[in-house]
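For the record, the sequence lines run as chains B and G. With positions in the first sequence counted from 1, the corresponding number in the working numbering is that position plus 4. With positions in the second sequence counted from 1, the corresponding number in the working numbering is that position plus 4. First up is the structure itself, then whatever we jot down about it.
Number of protein chains: 2
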Amino acid sequence: MATLPSTLPEAIAEVAAEVDRCFDALLAVPADPRARLYECMRHAAMNGGKRLRPLLTIAVADLFGVARDCSATVGTAIECIHVYSLIHDDLPAMDDDDLRRGKPTAHKAFDEATAILAGDCLHALAFEVLADPDTHPDPFVRAELVLDLARASGPSGMAGGQMMDLEAEKTRFDLATVTRLQQMKTGALICAAVEAGAILGRVPPAARTGLRGYAHDLGLAFQIADDLLDAEGDAAVVGKAVGKDAEAGKETFLSLMGADRARAQCRMLVDQAQQHLHAFGAEADLLRAVASYVVERDR
Amino acid sequence: MATLPSTLPEAIAEVAAEVDRCFDALLAVPADPRARLYECMRHAAMNGGKRLRPLLTIAVADLFGVARDCSATVGTAIECIHVYSLIHDDLPAMDDDDLRRGKPTAHKAFDEATAILAGDCLHALAFEVLADPDTHPDPFVRAELVLDLARASGPSGMAGGQMMDLEAEKTRFDLATVTRLQQMKTGALICAAVEAGAILGRVPPAARTGLRGYAHDLGLAFQIADDLLDAEGDAAVVGKAVGKDAEAGKETFLSLMGADRARAQCRMLVDQAQQHLHAFGAEADLLRAVASYVVERDR
Chain B
5 MATLPSTLPE
15 AIAEVAAEVD
25 RCFDALLAVP
35 ADPRARLYEC
45 MRHAAMNGGK
55 RLRPLLTIAV
65 ADLFGVARDC
75 SATVGTAIEC
85 IHVYSLIHDD
95 LPAMDDDDLR
105 RGKPTAHKAF
115 DEATAILAGD
125 CLHALAFEVL
135 ADPDTHPDPF
145 VRAELVLDLA
155 RASGPSGMAG
165 GQMMDLEAEK
175 TRFDLATVTR
185 LQQMKTGALI
195 CAAVEAGAIL
205 GRVPPAARTG
215 LRGYAHDLGL
225 AFQIADDLLD
235 AEGDAAVVGK
245 AVGKDAEAGK
255 ETFLSLMGAD
265 RARAQCRMLV
275 DQAQQHLHAF
285 GAEADLLRAV
295 ASYVVERDR
Chain G
5 MATLPSTLPE
15 AIAEVAAEVD
25 RCFDALLAVP
35 ADPRARLYEC
45 MRHAAMNGGK
55 RLRPLLTIAV
65 ADLFGVARDC
75 SATVGTAIEC
85 IHVYSLIHDD
95 LPAMDDDDLR
105 RGKPTAHKAF
115 DEATAILAGD
125 CLHALAFEVL
135 ADPDTHPDPF
145 VRAELVLDLA
155 RASGPSGMAG
165 GQMMDLEAEK
175 TRFDLATVTR
185 LQQMKTGALI
195 CAAVEAGAIL
205 GRVPPAARTG
215 LRGYAHDLGL
225 AFQIADDLLD
235 AEGDAAVVGK
245 AVGKDAEAGK
255 ETFLSLMGAD
265 RARAQCRMLV
275 DQAQQHLHAF
285 GAEADLLRAV
295 ASYVVERDR
């Protein structure tokens with residue numbers, strides 16, 4: 005298998021198949037009392053989602069000729085973190101959601117205790133996969149991948165953003181704070197996915213500026229689009245509950261800017277993301293298509 | 005500062021101070037909406053516990069002349085995993101405990117959502133610390149530390165053991181299954197703490213047999229002693245609720261073997277653990293004292 009197709013639907017389908025194959029191997033159900041735990045992880049992790057993060061990792065790694073086995077495995081590790089965060093965010097004590105990716109949430113399909121542990125296990129598995137010599141032979145690359153993902157998912161990244169999101173129900177945030185919240189909550193992991201592709205591609209940090217700019221603007225555009233979907237989308241199409249932000253009285257890009265300015269800002273960020281790829285030719289068309297998709301998607 | 009004192013109370017006090025110093029730096033409270041998250045992590049992580057796992061990492065690293073800064077940092081990363089697991093295990097959906105280390109549990113002192121996120125953040129921080137070049141200059145060592153800890157804490161280790169523990173309330177396990185459950189739930193992280201010391205000491209895997217045997221037997225002895233405390237201990241001294249296993253109808257070493265055989269088995273394992281250290285002289289006296297303490301402790 006060479007690089008991903010440059011058209012988005014084909015690339016998404018190929019990545020989805022790769023990621024499900026990786027999860028199927030990683031989450032083989034053991035014949036012991038942990039079976040239910042693995043069933044819960046499989047329920048949450050498999051057959052679902054756009055797989056945006058693995059797509060980014062594989063597409064960036066493709067730019068530098070990285071073997072697919074390797075980039076797909078690393079992309080799946082990053083998806084482990086995304087899925088664990090969805091499981092925990094959906095818990096009754098957090099967002100209390102019943103529906104995720106069109107299926108019952110993990111604690112609804114199983115129970116709360118199993119869901120908490122399934123999230124914790126996917127969290128550990130992400131780092132186990134990245135640190136495994138079978139994933140990449142160079143320990144420097146493995147250690148860099150771990151550091152990249154740990155920073156992006158911990159208190160200075162995704163989980164920190166989630167905490168700010170909880171506080172947003174109690175305090176009125178201004179646009180700068182909402183931007184920082186979203187850059188942490190969603191943007192950090194999108195940046196980590198792009199960075200992982202560059203790490204695998206042995207791109208020196210100084211040469212990653214364009215890709216980092218792309219990831220940063222893409223992440224922000226993605227979140228603004230998400231706010232628009234939350235306010236205007238159809239739950240049946242989106243695959244999860246909508247209208248929750250307004251209900252919780254939280255400030256969002258939408259509440260602070262209004263729908264028209266938010267939409268314009270989203271388009272501007274997508275343009276900017278694509279301009280960050282100017283050093284690349286047609287081989288980066290898939291990354292450009294990912295950016296365009298963000299403003300056009302309906303789920 | 006040279007190696008730890010060989011007498012246990014002095015060593016425990018020194019490790020406790022080191023670990024609290026590391027946590028204080030790692031968990032500096034930011035002046036932003038994440039302050040509450042950090043306060044919750046500090047509440048759960050600081051000023052508490054026997055710090056058995058960091059003590060083991062530092063004591064083993066001491067055998068091989070590892071710098072204290074390095075072993076204390078790595079020991080604190082392992083303690084991050086232990087503390088996160090306590091926070092999540094104490095949640096209402098799990099063991100529903102109000103008291104931990106003599107203080108209110110994290111979700112009682114704060115709230116459930118903050119406690120879940122604080123656990124997730126400590127989980128990510130453990131790997132961030134281990135993968136950080138400031139912790140150890142050699143990426144091979146960093147990647148090995150991450151793999152060691154991720155395997156010990158995920159579905160094949162601590163979290164998998166916790167899942168088996170949940171199932172133990174529904175099924176009657178035999179002694180072999182209870183032993184496997186406890187080896188995963190408690191033993192795996194104790195083994196990882198010892199292994200981390202050996203990794204820092206650049207001990208080749210083939211030469212780790214004695215230390216691994218020590219860790220394995222120590223972990224099992226520790227859990228049997230915990231069962232005895234749960235059945236016979238005083239909550240005020242132990243610092244957490246007691247009698248919970250019998251109440252939940254779970255099979256334990258105690259229910260399957262009876263108190264006398266359990267106590268004898270615990271002593272036998274401690275002897276065996278100490279015999280595994282035969283290759284070491286007086287420099288391993290602290291590790292021998294740790295093993296003896298396990299049968300003598302009252303909390």
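Yeah, the Cβ is synthetic: ideal placement off N, Cα and C, and Gly gets one too. Computed from a predicted structure; not experimentally measured.
(message) Strictly under 8 Å for the Cβ-Cβ distance: is V150 (chain B) near chain G by that measure?
(response) yes
(request) Please classify D230 (chain G): is it buried, with 16 or more other beta-carbons within 10 angstroms of its beta-carbon, or exposed? (result) buried
(request) Run down chain C in chain order and give the residues with a C-beta less than 8 Å from the C-beta of I228 (chain G). (result) This model lacks chain C altogether; the protein chains it does include are B and G.
(message) At the level of alpha carbons, what is the spacing between V274 (chain B) and T109 (chain B)?
(response) 31 Å
(message) List, in chain order, every chain G residue whose beta-carbon is nearer than 7 Å to that of Q166 (chain B).
(response) L121
(message) I'd like to confirm the pairing. Which residues does DSSP put opposite P108 (chain G) in its beta bridges?
(response) G:L103
(request) Quick one: residues in its chain with C-beta nearer than 8 Å to the C-beta of D93 (chain B), no 5 flanking neighbours on either side, listed in chain order? (result) D99, D101 and Q166
(request) Taking C-beta pairs closer than 8 Å, name the residues in chain B that F114 (chain G) reaches, listed in chain order. (result) Result: empty, since nearest Cβ-Cβ is about 11 Å, beyond 8 Å.
(message) Taking the alpha helix (DSSP H) that V19 (chain G) belongs to, which residues open and close that run?
(response) L12 to L30
(request) Would you tell me roughly how many angstroms separate the C-alpha atoms of A97 (chain G) and T118 (chain G), rounded to the nearest one? (result) 15 Å
(message) Against chain B, with Cβ distances strictly below 8 Å, would F257 (chain G) count as a contact?
(response) no
(request) Could you pull out every residue in the same chain whose Cβ sits closer than 8 Å to the Cβ of T61 (chain B), ignoring the five residues on either side in sequence? (result) S75, V78, G79, I82, A197, V198, A200, G201 and L204
(message) Please confirm whether T139 (chain G) has its beta-carbon closer than 8 Å to some beta-carbon of chain B.
(response) no
(request) Using a Cβ cut-off of 9 Å, pull out every chain B residue sitting near A95 (chain G), in sequence order please. (result) Looking at the sequence itself, residue 95 (chain G) is Leu, so the reference to Ala does not match. Ordered by position in chain B, the residues that pass the 9 Å Cβ test against L95 (chain G) are A97, E116, A117 and I120.
(message) Once the 5 residues before and after V87 (chain G) are set aside, which same chain residues still bring their CB inside 6 Å of it?
(response) A48, A49 and L126
(request) Tell me, please, whether the CB atom of C74 (chain B) is closer than 8 Å to any CB atom in chain G? (result) no
(message) Need the endpoints of the alpha helix (DSSP H) that Q269 (chain B) sits in, please.
(response) A263 to Q279
(request) For the stretch 199-227 of chain B, enumerate the residues whose C-beta is nearer than 7 Å to any C-beta of chain G, in chain order. (result) none
(message) Which of the three DSSP states is assigned to M45 (chain G) in this structure?
(response) helix
(message) I'd like to know whether the C-beta atoms of A163 (chain G) and D124 (chain B) end up nearer to each other than 8 Å.
(response) yes
(message) Distance check for L193 (chain G) and F144 (chain B), CA to CA, integer angstroms please.
(response) 25 Å
(request) Would you kindly work out how many angstroms separate the C-alpha atoms of T256 (chain B) and F226 (chain B), rounded to a whole number? (result) 13 Å
(request) Kindly indicate the opening and closing residues of the alpha helix (DSSP H) around F144 (chain B). (result) P143 to S157
(request) Show which residues of chain G have a CB atom less than 7 Å away from the CB atom of H86 (chain B). (result) Correct list: empty, because the minimum Cβ distance to chain G is about 13 Å.
(message) For R292 (chain G) and V133 (chain G), I'd like the C-alpha separation in whole angstroms.
(response) 29 Å
(request) Closer than 7 Å by C-beta to K254 (chain B): which residues in its own chain qualify, once you throw out the five before and the five after it? Chain order, please. (result) A172 and E173
(request) Taking 8 Å as the threshold, find out whether the stretch 67-74 of chain G comes into contact with the stretch 184-192 of chain G through three or more Cβ pairs. (result) no
(request) With 8 Å as the threshold, decide whether the Cβ of D101 (chain B) is near any Cβ in chain G. (result) no
(message) Against F131 (chain B), what residues of chain G qualify as contacts under a CB-to-CB distance less than 7 Å, listed in chain order?
(response) F131, V150 and A154
(request) Classify P208 (chain G) as buried or exposed, calling it buried when 16 or more other Cβ atoms lie within 10 Å of its own Cβ. (result) exposed
(message) Which residue wins for smallest C-alpha separation from R206 (chain G), given the options G:P159, G:I228, G:P137 and G:A65?
(response) G:A65
(request) Report buried or exposed for D234 (chain G), applying the criterion of at least 16 other Cβ atoms within 10 angstroms of its Cβ. (result) buried
(request) Below 7 Å CB to CB, which residues in the same chain sit around L281 (chain B) once its five sequence neighbours on both sides are set aside? (result) G214, Y218, A288, L291 and R292
(request) Using a Cβ cut-off of 7 Å, pull out every chain B residue sitting near H47 (chain G), in sequence order please. (result) Near H47 (chain G) there are no residues of chain B at all, since even the closest Cβ is about 14 Å away, more than 7 Å.
(request) Flag T320 (chain B) as yes if its beta-carbon sits less than 8 Å from any beta-carbon of chain G, otherwise no. (result) Past the boundaries of the shown model lies residue 320 (chain B); chain B is included only from 5 to 303, so the question cannot be answered.
(request) Please look up how many angstroms separate the CB atoms of L258 (chain B) and L232 (chain B), rounded, as I've assumed it's under 8 Å. (result) 6 Å
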